[in-house]
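Q: Residues in the sequence shown are numbered consecutively from 229, following this note's numbering. We treat Cβ as the ideally placed atom computed from N, Cα and C, and that holds for glycine. Submitted below is the structure of interest, expressed as structure tokens.
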Amino acid sequence: MSFLGLKRDPIREEMRRINRESSRLGQTSRRLVEEASMVTSGRHQPIRSVSPMSHVKQAPTLLVESRLARRKVIVAAIISMMLAWVLFRLVSG
């Protein structure tokens, strides 16, 4: 016996999965943006809390150690944008 209310909707499940992945990638990108705004001193204070008297000459850099890791971050950001676009098209269409 199959109840109508208990049937799985594959489109709805896929939308939930895409939403979860998009949320995770969004959290990762927020963390990376936060890391990029850190000064590379011993304590890692945000740039906005550094006094104007201190001489911060370096541009903020990602705290990612290798080129491969940087590529993975860039690929994750691109995938998150694509998933957000797909989710937008599914919801709006």
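Give me the residue from 315, 297, 262, 300 with the minimum Cα distance to residue 249.
A: Here the question's residue 249 lines up with position 21 in the sequence shown. For residue 249, the nearest C-alpha among the options comes from 315.
Q: What residue ranges within the region 239 to 270 form continuous beta strand (DSSP E) runs of no fewer than 3 residues, ordered along the chain?
A: If we require 3 residues or more, the region 239 to 270 turns out to have no beta strand (DSSP E) run fully inside it.
Q: Helix, strand or coil, according to DSSP, for residue 298 in the structure here?
A: If you number the sequence shown from 1, residue 298 lands on position 70. Helix at residue 298.
Q: Got a sec? Which residues, its chain only, sit under 8 Å from residue 297 by beta carbon, not counting five neighbours each side?
A: The residue labelled residue 297 in the question sits at position 69 within the sequence shown. Nothing meets the Cβ criterion.
Q: Under 7 Å Cβ to Cβ from residue 305, same chain only, skipping five residues before and after it: list those, please.
A: Within the sequence shown, numbered from 1, the residue matching residue 305 stands at position 77. Answer for residue 305: 257, listed in chain order.
Q: Out of 260, 253, 247, 255, point me to the one whose CA is closest to residue 319's CA.
A: Sequence index remark: in the sequence shown, residue 319 carries index 91 (1-based). Minimum Cα distance to residue 319 is reached at 247.
Q: Quick one: is residue 251 buried, meaning 16 or more other Cβ sit within 10 Å of its Cβ, or exposed?
A: Stepping through the sequence shown from its first residue, residue 251 is reached at position 23. Residue 251 is exposed by the Cβ-count criterion.
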